[in-house]
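Visitor: Okay, here's the structure, questions in a sec.
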Amino acid sequence: MKLIRTLLFCTLSISMLAACTQVRPWERGLLAKEEMAWRTNALEGALNDHIFFSKEASSGGSSAAAGGCGCN
Amino acid sequence: MKARPSRSLLAISTTALALPGIAIADAPPVNSSLSYQVSNYKEDDLSREESPFGDLGRYDIDVHQFQFISPLGRNFSLQVDANYEDISGASPWFTTIGPSGSPIVSLSGASGIEDSRGELSVGTRYYLENGSIGGNIGYSEENDYRATYGGINAERHFNNDLTTVSVSLSYSSDDIFPTDAEIFNRVISEDKSSTSAVVSISQIINQVSTFQTAFSITEQSGFLTDPYKLIDTRPDNKTQIAWSNSYRRYIRGSDAAWHVNYRFYHDDFGVTSHTADMSWHQNFGNTIQVIPMLRYYNQSAADFFTNVDDFSRPATDFQSSDYRLSAFGAISAGLTVKTTVGDWDATLTGERYLADEKYSAFNVSQPSAALIRYFRVSLGLDFSF
Chain H
5 MKLIRTLLFC
15 TLSISMLAAC
25 TQVRPWERGL
35 LAKEEMAWRT
45 NALEGALNDH
55 IFFSKEASSG
65 GSSAAAGGCG
75 CN
Chain Z
62 MKARPSRSLL
72 AISTTALALP
82 GIAIADAPPV
92 NSSLSYQVSN
102 YKEDDLSREE
112 SPFGDLGRYD
122 IDVHQFQFIS
132 PLGRNFSLQV
142 DANYEDISGA
152 SPWFTTIGPS
162 GSPIVSLSGA
172 SGIEDSRGEL
182 SVGTRYYLEN
192 GSIGGNIGYS
202 EENDYRATYG
212 GINAERHFNN
222 DLTTVSVSLS
232 YSSDDIFPTD
242 AEIFNRVISE
252 DKSSTSAVVS
262 ISQIINQVST
272 FQTAFSITEQ
282 SGFLTDPYKL
292 IDTRPDNKTQ
302 IAWSNSYRRY
312 IRGSDAAWHV
322 NYRFYHDDFG
332 VTSHTADMSW
342 HQNFGNTIQV
352 IPMLRYYNQS
362 AADFFTNVDD
372 FSRPATDFQS
382 SDYRLSAFGA
392 ISAGLTVKTT
402 VGDWDATLTG
412 ERYLADEKYS
422 AFNVSQPSAA
432 LIRYFRVSLG
442 LDFSF
């Protein structure tokens, strides 16, 4: 229940962000820079995902899972 | 980095391609790109205290990654990923009580493990006026493991393209056929499946900052036990949930970008974890970028984790001495240096990872032997044309 309340609170917080200052398309140049991407290096990100998936109990989050492996 | 209109457009497009990202009118990448990265992953040897008998060497893995991204007609893009891993070393086989009363571990096989893994994935994406839809299929094979997987995803922009909502679904069917099964009384052949769904919302906050939150649920069923452990019995179903949050901020005065990520995770094996990481992407002129990174990970133990295998219990009782199911914390730090020359990018990364029960914020009633420490070094090349 506590988890659901937390998620609801956060979802509400995110939806309120929609009311933030308007940013026009021509004002988004800095946001489009490579270093502002959610994942700046696809191969580096994929390798880290694979290592952490193999060596920690946790996985998932921002991208859908790929195939498993026999890594142990 | 260096101001090149074509690369900026490519960056915008690949951002939209790679993940639910910043809301920008969607279009396929204008250029093709070819990327290669070679890495060495090396785990520290165990100490004689942790493993009094036998070999102490653990995994040493060389990884080769390839990626090709290209526009395909006016509204499509194509992405091909290929990976190859060359694996040698050993992993924990069973645990017992040592002379000092602490758990000790024996590694698998006196001569260690030699294996390789090959993987190929192909994906495409169709770009619409206010979003895009995509899909991918993939295949991974090792000497003792095979995975066939696929996924679809869609994203749509709202609120004057300030908000992006993304949905992803994926499925993987895996086959397990352990080596030397008859010699060591292992299972001959088993299978498992994994189904995942992810929903994310990305929001532009202002001219220099964005935020993303994502919720994922994964259902695994089938053979979830480690067949290489002398004794290991786990439930045949697992539900995992993860809630991720990412923040990006561009610092104008420093010509740098600050990344902060946090993930909460829980599964019905009883594991709860928190992961936080941050990185600083510092530009030096138009050709050099330096990226220091720091990550903290912390997990609780699975309900059935034991740090000493109990051979007196029935084989049907759930138990596992897998260190990955113990309570521990891990700290990792890395440094990446990236240089751009013409249409080429070269990237060098070094990362050190240290896991220890002392780093855990959770109660550690049964500290595990053989928690890993590793060093990774990667060299990547990227060419756009």
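Protein chains in written order, with the working numbering: chain H, 5 to 76; chain Z, 62 to 446. Just so it is clear, CB atoms sit at the ideal spot from N, CA and C, and this is done for glycine as well. As the structure is a computational prediction, the values presented were derived from the model and not from experiment.
#1: Write down every uninterrupted run of the beta strand (DSSP E) in the stretch 334 to 396 of chain Z whose length is 3 residues or greater and which is fully enclosed by it, in chain order.
#2: Kindly list, in the order they appear in chain H, the residues whose Cβ is closer than 7 Å to that of N136 of chain Z.
#3: Measure from the alpha carbon of D370 of chain Z to the alpha carbon of each residue in Z:P428, Z:L386, Z:N306 and Z:D293, then state which is nearest.
#4: Let me make sure I understand the geometry here. Which of Z:D147, Z:E216 and Z:Q140 has the alpha-carbon closest to that of K123 of chain Z?
#5: Could you give the distance in angstroms between the alpha-carbon of F276 of chain Z and the alpha-carbon of H327 of chain Z?
#6: Once DSSP output is grouped into helix, strand and coil, what is the label at L80 of chain Z?
#7: Check the C-beta distance from I312 of chain Z over to Y357 of chain Z and give it rounded, since I have them as a contact under 8 Å.
#8: For the ligand FMN, is there any heavy atom lying closer than 8 Å to the beta carbon of F372 of chain Z?
#9: Is the distance from the Cβ of N306 of chain Z to the Cβ of S282 of chain Z below 9 Å?
#10: For L415 of chain Z, decide whether its Cβ has a neighbour in chain H, counting only Cβ atoms nearer than 9 Å.
#11: Below 8 Å on the Cβ atoms is my guess for S152 of chain Z versus S169 of chain Z; work out the distance and round it to an integer in Å.
#12: Name, please, each residue of chain Z whose Cβ falls closer than 9 Å to the Cβ of W30 of chain H.
#13: With a threshold of 8 Å, are at least 3 pairs of Cβ atoms found where one atom belongs to the stretch 410 to 419 of chain Z and the other to the stretch 383 to 398 of chain Z?
#14: With a 10 Å radius around its C-beta and 16 neighbouring C-beta atoms as the bar for buried, classify D252 of chain Z as buried or exposed.
#15: For chain H, find out if any of its Cβ atoms is closer than 9 Å to the Cβ of T400 of chain Z; answer yes or no.
#16: Could one say the Cβ of F330 of chain Z lies closer than 9 Å to chain H's Cβ atoms, at least one of them?
#17: Would Q98 of chain Z and E48 of chain H qualify as a contact pair, given that the criterion is a beta-carbon distance under 9 Å?
#18: Is V321 of chain Z close to chain H, meaning its C-beta is less than 9 Å from at least one C-beta of that chain?
#19: On the CB-based measure, 16 or more other CB atoms within 10 Å of its CB, does L386 of chain Z come out buried or exposed?
#20: What residues match up with R324 of chain Z in a beta bridge as DSSP calls it?
#21: Per DSSP, what kind of secondary structure is A431 of chain Z in: helix, strand or coil?
#22: Which chain H residues sit within Cβ distance under 8 Å of H342 of chain Z?
#23: So, helix, strand or coil for I174 of chain Z, using DSSP?
#24: Using alpha carbons as the reference points, say which of Z:G150, Z:L133 and Z:G134 lies closest to L117 of chain Z.
#25: Could you tell me which of Z:S138, Z:R374 and Z:P428 sits nearest to S94 of chain Z, measuring between CA atoms?
#26: Using alpha carbons as the reference points, say which of Z:S373, Z:F366 and Z:Y420 lies closest to A61 of chain H.
#27: Counting along the chain, where does the beta strand (DSSP E) carrying F56 of chain H start and finish?
#28: If the criterion is Cβ atoms closer than 9 Å, does the pair C73 of chain H and S58 of chain H meet it?
#29: With respect to the beta strand (DSSP E) encompassing I249 of chain Z, which residues constitute its N-terminal and C-terminal limits?
#30: Listed from N- to C-terminal order along the chain, which residues in the stretch 356 to 378 of chain Z have their beta-carbon within a distance smaller than 8 Å of any beta-carbon of chain H?
#31: With a cut-off of 9 Å, does the C-beta of T279 of chain Z fall near any C-beta of chain H?
#32: Measuring only between beta-carbons, confirm whether K253 of chain Z sits less than 9 Å from chain B.
#33: Quick one: Cα of A127 of chain Z to Cα of L442 of chain Z, how far?
Guide: The relevant details are as follows:
#1: Runs of the beta strand (DSSP E) inside the stretch 334 to 396 of chain Z: 349 to 360.
#2: Indexing the second sequence from 1 puts residue 136 of chain Z at position 75. At a beta-carbon threshold of 7 Å, none of the residues of chain H lie near N136 of chain Z; the nearest stands roughly 20 Å away.
#3: Here residue 370 of chain Z corresponds to residue number 309 of the second sequence, with the count starting at 1. The shortest Cα separation from D370 of chain Z among Z:P428, Z:L386, Z:N306 and Z:D293 belongs to Z:D293.
#4: Residue 123 of chain Z sits at position 62 when you count from the first residue of the second sequence. It is Asp, not Lys, that sits at residue 123 of chain Z in the sequence shown. Relative to D123 of chain Z, the option among Z:D147, Z:E216 and Z:Q140 whose CA is nearest is Z:D147.
#5: The residue labelled residue 276 of chain Z in the question sits at position 215 within the second sequence. The residue labelled residue 327 of chain Z in the question sits at position 266 within the second sequence. Approximately 12 Å between the Cα atoms of the pair.
#6: The residue you call residue 80 of chain Z lines up with position 19 of the second sequence. Any reading at L80 of chain Z must be qualified, since the residue scores a pLDDT of 40, below 50, and its modelled position is unreliable; the value itself is stated next. In the structure shown, the three-state DSSP call for L80 of chain Z is coil.
#7: Here residue 312 of chain Z is taken as the residue at index 251 of the second sequence, counted from 1. Here residue 357 of chain Z is taken as the residue at index 296 of the second sequence, counted from 1. The beta carbons of I312 of chain Z and Y357 of chain Z sit about 22 Å from each other, so the pair does not count as a contact at 8 Å.
#8: Although the ligand FMN was asked about, the structure shown includes no ligands whatsoever.
#9: In the second sequence, residue 306 of chain Z corresponds to position 245, counting from 1. In the second sequence, residue 282 of chain Z corresponds to position 221, counting from 1. No, the pair does not count as a contact, with Cβ atoms beyond the cut-off.
#10: For the purposes of this step, residue 415 of chain Z is identified with residue 354 of the second sequence, where counting begins at 1. Not flagged as an interface residue toward chain H: L415 of chain Z, since no C-beta distance is shorter than 9 Å.
#11: Residue mapping note: residue 152 of chain Z aligns to position 91 of the second sequence, counting from 1. Residue mapping note: residue 169 of chain Z aligns to position 108 of the second sequence, counting from 1. Confirmed, about 5 Å.
#12: For the purposes of this step, residue 30 of chain H is taken as the residue at position 26 of the first sequence. The contact set of W30 of chain H on chain Z, defined by CB atoms closer than 9 Å, is empty, because the minimum CB distance reaches about 10 Å.
#13: These segments touch.
#14: The residue labelled residue 252 of chain Z in the question sits at position 191 within the second sequence. D252 of chain Z is exposed by the Cβ-count criterion.
#15: The residue given as residue 400 of chain Z occupies position 339 in the second sequence. Output row for T400 of chain Z: interface = no.
#16: As a working note, residue 330 of chain Z is residue 269 in the second sequence. A Cβ of chain H is located within less than 9 Å of the beta carbon of F330 of chain Z.
#17: Locating residue 98 of chain Z in the second sequence gives position 37, where the first residue counts as 1. Locating residue 48 of chain H in the first sequence gives position 44, where the first residue counts as 1. The Cβ atoms of Q98 of chain Z and E48 of chain H sit closer than 9 Å to each other.
#18: The residue labelled residue 321 of chain Z in the question sits at position 260 within the second sequence. It does not; no Cβ of chain H falls within 9 Å.
#19: Looking up residue 386 of chain Z in the second sequence gives position 325. Under this definition L386 of chain Z is a buried residue.
#20: Sequence index remark: in the second sequence, residue 324 of chain Z carries index 263 (1-based). DSSP lists Z:S305 and Z:T336 as the bridge partner or partners of R324 of chain Z.
#21: Translated into positions along the second sequence, residue 431 of chain Z becomes position 370. Coil at A431 of chain Z, not helix or strand.
#22: Numbered from its first residue, the second sequence carries residue 342 of chain Z at position 281. Residues of chain H passing the Cβ test: E39 and T44.
#23: As a first step, residue 174 of chain Z is located in the second sequence; it is residue number 113 there, counting from the start. In this structure, DSSP gives I174 of chain Z an extended state, which the three-state scheme calls strand.
#24: The sequence position of residue 117 of chain Z within the second sequence is 56, counting from 1. The shortest C-alpha separation from L117 of chain Z is found at Z:G150.
#25: Here residue 94 of chain Z refers to the residue found at position 33 when the second sequence is read from its first residue. Minimum Cα distance to S94 of chain Z is reached at Z:S138.
#26: Mapped onto the first sequence, residue 61 of chain H falls at position 57. Comparing Cα-Cα distances from A61 of chain H to each of Z:S373, Z:F366 and Z:Y420, the minimum goes to Z:F366.
#27: Locating residue 56 of chain H in the first sequence gives position 52, counting from the first residue. Counting along the chain, F56 of chain H falls outside any beta strand (DSSP E), though it belongs to the alpha helix (DSSP H) covering A46 to K59.
#28: For the purposes of this step, residue 73 of chain H is identified with residue 69 of the first sequence, where counting begins at 1. For the purposes of this step, residue 58 of chain H is identified with residue 54 of the first sequence, where counting begins at 1. In this structure, C73 of chain H places its C-beta atom within 9 Å of the C-beta atom of S58 of chain H.
#29: Stepping through the second sequence from its first residue, residue 249 of chain Z is reached at position 188. Membership of I249 of chain Z in any beta strand (DSSP E) is not indicated, and neither H nor E is assigned to it by DSSP.
#30: If you check each beta-carbon in the stretch 356 to 378 of chain Z against every beta-carbon of chain H, the ones closer than 8 Å belong to Y358, Q360 and A363.
#31: One-based indexing of the second sequence puts residue 279 of chain Z at position 218. Yes, because at least one Cβ of chain H sits closer than 9 Å to the Cβ of T279 of chain Z.
#32: Considering every chain present, this structure includes no chain B. Its protein chains are H and Z.
#33: Position 66 of the second sequence holds residue 127 of chain Z. Position 381 of the second sequence holds residue 442 of chain Z. The displayed chain sequence assigns Phe, not Ala, to residue 127 of chain Z. Inter-residue distance for F127 of chain Z and L442 of chain Z is about 10 Å (C-alpha atoms, whole angstroms).
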